[in-house]
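Enquirer: For the record, the sequence lines run as chains A and B. Everything in the first sequence is counted per the numbering used here, starting at 1 for the first residue and increasing by one. Everything in the second sequence is counted per the numbering used here, starting at 1 for the first residue and increasing by one. The beta carbon of each residue, even a glycine, is placed where N, CA and C say it ideally should be.
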Amino acid sequence: MSAVDRLSVFKTYKLYVGGKFPRSESGRVYEVTDAKGKWLANAPLSSRKDARDAVVAARKAFGGWSGATAYNRGQILYRVAEMLEGRKAQFVHEVADAEGLSKSKAAEQVGATIDRWVWYAGWTDKIAQVVGGGNPVAGPYFNLSSPEPTGVVAVVAPQESSFLGLVSVVAPVIATGNTAIVIASERSPLPALSLGEVLATSDVPGGVVNVLSGRTAEIAAPLAAHQDVNAIDLAGADEALAKELEIAAADNLKRVLRPQPVDDWSATPGIDRMTAFLETKTVWHPTGSLGASGSSY
Amino acid sequence: MYSRYARRYARLVTMPTNAPSPTAERVGGTPSAHALADVTTSDSTLRRFLHGLPGVDAVGLEARAASLGTRSIKTTAKAYAIDLAISMVDLTTLEGADTPGKVRALGAKAVHPDPTDRTTPSTAAVCVYPDMVATAKAAVAGSGVKVASVATAFPAGRAALDVKLADVREAVAAGADEVDMVIDRGAFLAGKYLKVYDEIVAVREVCGTSARLKVIFETGELSTYDNIRRASWLGMLAGADFIKTSTGKVAVNATPANTLLMLEAVRDFRTQTGVQVGVKPAGGIRTSKDAIKFLVLVNETVGEDWLDNHWFRFGASSLLNDLLMQRQKLATGRYSGPDYVTVD
Numbered sequence: 001m002s003a004v005d006r007l008s009v010f011k012t013y014k015l016y017v018g019g020k021f022p023r024s025e026s027g028r029v030y031e032v033t034d035a036k037g038k039w040l041a042n043a044p045l046s047s048r049k050d051a052r053d054a055v056v057a058a059r060k061a062f063g064g065w066s067g068a069t070a071y072n073r074g075q076i077l078y079r080v081a082e083m084l085e086g087r088k089a090q091f092v093h094e095v096a097d098a099e100g101l102s103k104s105k106a107a108e109q110v111g112a113t114i115d116r117w118v119w120y121a122g123w124t125d126k127i128a129q130v131v132g133g134g135n136p137v138a139g140p141y142f143n144l145s146s147p148e149p150t151g152v153v154a155v156v157a158p159q160e161s162s163f164l165g166l167v168s169v170v171a172p173v174i175a176t177g178n179t180a181i182v183i184a185s186e187r188s189p190l191p192a193l194s195l196g197e198v199l200a201t202s203d204v205p206g207g208v209v210n211v212l213s214g215r216t217a218e219i220a221a222p223l224a225a226h227q228d229v230n231a232i233d234l235a236g237a238d239e240a241l242a243k244e245l246e247i248a249a250a251d252n253l254k255r256v257l258r259p260q261p262v263d264d265w266s267a268t269p270g271i272d273r274m275t276a277f278l279e280t281k282t283v284w285h286p287t288g289s290l291g292a293s294g295s296s297y
Numbered sequence: 001m002y003s004r005y006a007r008r009y010a011r012l013v014t015m016p017t018n019a020p021s022p023t024a025e026r027v028g029g030t031p032s033a034h035a036l037a038d039v040t041t042s043d044s045t046l047r048r049f050l051h052g053l054p055g056v057d058a059v060g061l062e063a064r065a066a067s068l069g070t071r072s073i074k075t076t077a078k079a080y081a082i083d084l085a086i087s088m089v090d091l092t093t094l095e096g097a098d099t100p101g102k103v104r105a106l107g108a109k110a111v112h113p114d115p116t117d118r119t120t121p122s123t124a125a126v127c128v129y130p131d132m133v134a135t136a137k138a139a140v141a142g143s144g145v146k147v148a149s150v151a152t153a154f155p156a157g158r159a160a161l162d163v164k165l166a167d168v169r170e171a172v173a174a175g176a177d178e179v180d181m182v183i184d185r186g187a188f189l190a191g192k193y194l195k196v197y198d199e200i201v202a203v204r205e206v207c208g209t210s211a212r213l214k215v216i217f218e219t220g221e222l223s224t225y226d227n228i229r230r231a232s233w234l235g236m237l238a239g240a241d242f243i244k245t246s247t248g249k250v251a252v253n254a255t256p257a258n259t260l261l262m263l264e265a266v267r268d269f270r271t272q273t274g275v276q277v278g279v280k281p282a283g284g285i286r287t288s289k290d291a292i293k294f295l296v297l298v299n300e301t302v303g304e305d306w307l308d309n310h311w312f313r314f315g316a317s318s319l320l321n322d323l324l325m326q327r328q329k330l331a332t333g334r335y336s337g338p339d340y341v342t343v344d
């Protein structure tokens, strides 16, 4: 058979929830186009029930993921970077279509994205030393502060930067041991949905990252109000939506990371996105009475 | 933004629980009073009767149960179904590690399943081992919640009849309102139907007028649907007030199909004898969705006469939390989470 006769196989983009690739519970899809309006693919149009299912999956995964050693989480995140490297061509293609970039610009973006994973993979077992540690206290105690993950975090991914922006908000959430429900960019969700395929093959336990595509306002509202979601990152919400979500999130005192203007996603991100979803646990541990030397040891 | 939903369903939640059924209660009556009395006169007549029951069409039964599970129950009907299901729960703890404290906590939960919302109906009963009956009784005192006790060497049922009867006697003496007995599956599978029958009758006598008798068949161990149908009729002939699927201690517990089969049996039994018998699926029912499917089965198979916690129960422990979370969702419009219900 000559190459001309062959029918190409179209990819059905699906959600990534609980380590599986379901269609939307609602059965809906919407058309995704490139920057010039040319049809690219149909993406699932998630409903609030998909959001609810994603929360259940994320909650189920939280114990195992937060309980894993930081070193182990780092290894797994590094593995994600390895897998991304192998599928670089696909992501370059998708990012170029989604954002209307040239091949070389898109390749630059994907390269920066992979470096971002590696950057956060390195932070997993170092963040505790930076934001935690032993505190000097006036008494016969060890006093230790240790950063603990907040829990299930809903992430509204940036609308414009469909891949680098996405990874820049998702990686810090899971690097610190949280589990995430990610609402992909509404206009260009394809890189996010493909990222799900990478995560599924990178030893990231199912449910640690759940990717939903669809109308941001429709999915974010039930997540912001959900009593079993502990925090929400509003990076991709516009001003009106962010306000509405923050009000809904106040009901169970969710941690809220307000949207901040980001000019350049490729700039070194700092640790703010990691510390936003960490809680400091302080432990007082008695050391017994102090001897003449001022120490009981 | 969700305040418009708040208390939208409030008027629906005034369901009376443990209301006496309009149907006359039959406690302690002799099993010989009905039209089928002669089939239990000897082992051979009983065998002939049970084996003469029509065979079960397994494919048809499962298809029927599955198709009834596809009904969409939403909004006000869902709110009603959730409250009805809560009022039908036999809140169960049957662990070796049960402490008086745990039983007391369970009793408190049965009386007020959702302390943040007092319009939530109470559950039907708490279900415990015989030695915990007194504790449970004290914990639910003053409420309409019943205390059910498993007995007769639960869950295996492998003990001498005297031991089983002593077990029941102790539970009844401690104040159990309901006794959940297990049948001797070994004898049943070996074809000694009259032995199983006599045991149920003996337990029935010990229960007397003070306790309703639930007979557990452990459907997961009976192998075939035909056996479940025979066991259902055997239990009803022997005077069971309730027939119950399982102990919750084996791999296969209540399924829509075996519950449908038992519902058909109680329907046919009432047609023939005029005696109404309750049904209790137990084990493996964990979500509100599942519970509502069972309620659809009840409504479509035996009708509204059974849609009351006097005649239909759920043997469950984790189901209640899911029902409460769904109830909170309907009341507030926000999805609830496990942080807002008790850890049992």
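How do the segment 250–258 of chain A and the segment 96–104 of chain A stand: do at least 3 beta-carbon pairs fall below 8 Å, yes or no?
Expert: As far as the Cβ criterion goes, the segment 250–258 of chain A does not touch the segment 96–104 of chain A, which means the pair count is below three.
Enquirer: Does the Cβ-Cβ distance between residue 279 of chain B and residue 243 of chain B come in under 7 Å?
Expert: Start at 1 with the first residue of the second sequence, and residue 279 of chain B comes out as number 279. Start at 1 with the first residue of the second sequence, and residue 243 of chain B comes out as number 243. Yes, these two residues count as a Cβ contact at 7 Å.
Enquirer: If you draw a straight line from the C-alpha of residue 158 of chain A to the C-alpha of residue 114 of chain A, how long is it?
Expert: Within the first sequence, residue 158 of chain A is the residue found at index 158, counting from 1. Within the first sequence, residue 114 of chain A is the residue found at index 114, counting from 1. Their backbone Cα atoms lie some 17 Å apart in a straight line.
Enquirer: Between A:131, A:274 and A:122, which has its C-alpha nearest residue 232 of chain A's C-alpha?
Expert: On the first sequence, position 232 is the one that residue 232 of chain A refers to. For residue 232 of chain A, the nearest C-alpha among the options comes from A:274.
Enquirer: Identify each residue in the segment 103–122 of chain B for which the Cβ-Cβ distance to at least one residue of chain A is less than 9 Å, and report them in chain order.
Expert: Result list empty, no residue passes.
Enquirer: Can you name, in chain order, every residue of its own chain whose Cβ lies under 7 Å from the Cβ of residue 46 of chain A, other than the five neighbours on each side?
Expert: In the first sequence, residue 46 of chain A corresponds to position 46, counting from 1. Taken in chain order, the residues that qualify are 15, 24, 212, 213, 214 and 219.
Enquirer: On the criterion of 16 or more Cβ atoms from any shown chain inside 10 Å, does residue 118 of chain B qualify as buried, or is it exposed?
Expert: Here residue 118 of chain B refers to the residue found at position 118 when the second sequence is read from its first residue. Residue 118 of chain B is exposed by the Cβ-count criterion.
Enquirer: Given a cut-off of 7 Å, decide if residue 107 of chain B and residue 139 of chain B are closer than it, judged by their beta-carbon atoms.
Expert: Along the second sequence, read from residue 1 onward, the residue named residue 139 of chain B stands at position 139. Along the second sequence, read from residue 1 onward, the residue named residue 107 of chain B stands at position 107. Yes. Within cutoff.
Enquirer: Along the chain, which unbroken stretches of the beta strand (DSSP E) at least 3 residues long are found entirely within the segment 134–174 of chain B?
Expert: The qualifying runs are 146–151.
Enquirer: Starting from residue 55 of chain A, trace the beta strand (DSSP E) in both directions and tell me its first and last residue.
Expert: Numbered from its first residue, the first sequence carries residue 55 of chain A at position 55. From DSSP, residue 55 of chain A is part of no beta strand (DSSP E) but of the alpha helix (DSSP H) over 48–67.
Enquirer: Report, in whole angstroms, the separation of the C-beta atoms of residue 354 of chain A and residue 205 of chain A, which I expect to be a contact under 8 Å.
Expert: Since the displayed chain A opens at 1 and closes at 297, residue 354 of chain A lies outside it and no answer follows.
Enquirer: Could you tell me which residues DSSP puts in a beta bridge with residue 285 of chain A?
Expert: Against the first sequence, residue 285 of chain A aligns to sequence position 285. Answer is A:142.
Enquirer: What residues of chain A sit near residue 339 of chain B, judged by a beta carbon separation below 9 Å?
Expert: For the purposes of this step, residue 339 of chain B is identified with residue 339 of the second sequence, where counting begins at 1. Those are 227, 228 and 252, listed as they occur along chain A.
Enquirer: Are residue 90 of chain B and residue 148 of chain B touching if we call contact CB-CB under 7 Å?
Expert: To locate residue 90 of chain B, count along the second sequence from 1; it is residue 90. To locate residue 148 of chain B, count along the second sequence from 1; it is residue 148. For residue 90 of chain B and residue 148 of chain B, yes; Cβs fall inside 7 Å.
Enquirer: With a threshold of 7 Å between beta-carbons, can residue 346 of chain B be considered close to chain A, or not?
Expert: With chain B covering 1 to 344 only, the question about residue 346 of chain B has no answer from this structure.
Enquirer: Tell me where the beta strand (DSSP E) around residue 263 of chain B begins and ends.
Expert: Position 263 of the second sequence, counted from the start, is the residue given in the question as residue 263 of chain B. Unbroken run through residue 263 of chain B is the alpha helix (DSSP H), 256–273; no beta strand (DSSP E).
Enquirer: Helix, strand or coil for residue 11 of chain A, going by three-state DSSP, please let me know.
Expert: Here residue 11 of chain A corresponds to residue number 11 of the first sequence, with the count starting at 1. Three-state DSSP puts residue 11 of chain A in coil, outside helix and strand.
Enquirer: When DSSP builds the beta bridges, which residues end up paired with residue 314 of chain B?
Expert: Taking the first residue of the second sequence as 1, we reach residue 314 of chain B at position 314. DSSP lists B:89 as partners of residue 314 of chain B.
Enquirer: Under 9 Å between beta-carbons, which chain A residues line up against residue 334 of chain B? List them in chain order, please.
Expert: Indexing the second sequence from 1 puts residue 334 of chain B at position 334. By Cβ distance, chain A contributes 222, 225, 226, 227, 248, 251 and 252.
Enquirer: Helix, strand or coil for residue 271 of chain A per DSSP?
Expert: Working through the first sequence from its first residue, we reach residue 271 of chain A at position 271. Looking at residue 271 of chain A - three-state DSSP - the assignment turns out to be coil, as it is neither helix nor strand.
Enquirer: How is residue 54 of chain B classed by DSSP in three states: helix, strand or coil?
Expert: Residue numbering aside, residue 54 of chain B sits at position 54 when the second sequence is read from its first letter. Coil, per DSSP.
Enquirer: Taking 7 Å as the limit between beta carbons, can you name the residues of its chain near residue 259 of chain A, skipping five residues before and five after?
Expert: Position 259 of the first sequence, counting from 1, holds the residue named residue 259 of chain A. The residues are 234, 235, 237 and 242.
Enquirer: Chain C beta carbons: is any one of them nearer than 7 Å to that of residue 273 of chain A?
Expert: Looking for chain C here will not work: the only protein chains present are A and B.
Enquirer: Compute the beta-carbon to beta-carbon distance between residue 99 of chain A and residue 188 of chain A, rounded to the nearest angstrom, for a pair I have assumed lies under 8 Å.
Expert: Taking the first sequence and counting its residues from 1, the one referred to as residue 99 of chain A is at position 99. Taking the first sequence and counting its residues from 1, the one referred to as residue 188 of chain A is at position 188. The Cβ separation is near 7 Å, so the contact holds.
Enquirer: When you compare the CB positions of residue 287 of chain A and residue 163 of chain A, do they come within less than 7 Å of one another, or not?
Expert: Numbered from its first residue, the first sequence carries residue 287 of chain A at position 287. Numbered from its first residue, the first sequence carries residue 163 of chain A at position 163. Cβ distance not < 7 Å, so residue 287 of chain A and residue 163 of chain A don't count as in contact.
Enquirer: What three-state label does DSSP hand residue 4 of chain A in the structure shown?
Expert: In the first sequence, the residue the question calls residue 4 of chain A occupies position 4. Three-state DSSP puts residue 4 of chain A in coil, outside helix and strand.
Enquirer: Between B:246, B:335, B:122 and B:241, which lies nearest to residue 351 of chain B when the distance is taken from Cα to Cα?
Expert: For chain B, the structure presents residues 1 to 344; residue 351 of chain B sits outside this window and is missing.
Enquirer: How many Å lie between residue 62 of chain A and residue 200 of chain A at the Cα?
Expert: Working through the first sequence from its first residue, we reach residue 62 of chain A at position 62. Working through the first sequence from its first residue, we reach residue 200 of chain A at position 200. Computed Cα separation, rounded: 16 Å.
Enquirer: Report all residues from its chain with a CB closer than 8 Å to the CB of residue 261 of chain B; omit the five preceding and five following residues, and keep chain order.
Expert: On the second sequence, position 261 is the one that residue 261 of chain B refers to. So the list reads 56, 61, 225, 228, 229 and 232, once near-sequence residues are dropped.
Enquirer: What does DSSP give as the partner residue(s) for residue 279 of chain A in the beta ladder?
Expert: The sequence position of residue 279 of chain A within the first sequence is 279, counting from 1. Beta-bridge pairing links residue 279 of chain A to A:148.
Enquirer: May I ask you to report which of helix, strand or coil DSSP gives residue 212 of chain B?
Expert: As a working mapping, residue 212 of chain B is identified with position 212 in the second sequence. DSSP places residue 212 of chain B in strand when its eight states are reduced to three.
Enquirer: Here's a check: name, in chain order, each residue in its chain whose Cβ is nearer than 7 Å to the Cβ of residue 206 of chain B, leaving out the five neighbours to either side.
Expert: Residue mapping note: residue 206 of chain B aligns to position 206 of the second sequence, counting from 1. These residues qualify, in order along the chain: 165, 168, 169 and 172.
Enquirer: List the residues of chain B whose Cβ lies closer than 8 Å to the Cβ of residue 55 of chain A, in chain order.
Expert: Sequence index remark: in the first sequence, residue 55 of chain A carries index 55 (1-based). Under the 8 Å cutoff, chain B gives 335 and 337.
Enquirer: Using a Cβ-Cβ cutoff of less than 8 Å, which residues in the same chain neighbour residue 144 of chain A once the five nearest sequence positions on both sides are dropped?
Expert: Translated into the one-based positions of the first sequence, residue 144 of chain A becomes position 144. Cβ neighbours of residue 144 of chain A beyond the five flanking positions: 132, 133, 134, 135, 282, 283 and 285.
Enquirer: Counting along the chain, where does the alpha helix (DSSP H) carrying residue 115 of chain A start and finish?
Expert: Locating residue 115 of chain A in the first sequence gives position 115, counting from the first residue. From DSSP, the alpha helix (DSSP H) with residue 115 of chain A extends over 103–123.
Enquirer: Would you verify that the beta carbon of residue 215 of chain A is, or is not, closer than 7 Å to some beta carbon of chain B?
Expert: Counting from 1 along the first sequence, the entry for residue 215 of chain A is found at position 215. By this cut-off, residue 215 of chain A is not an interface position.
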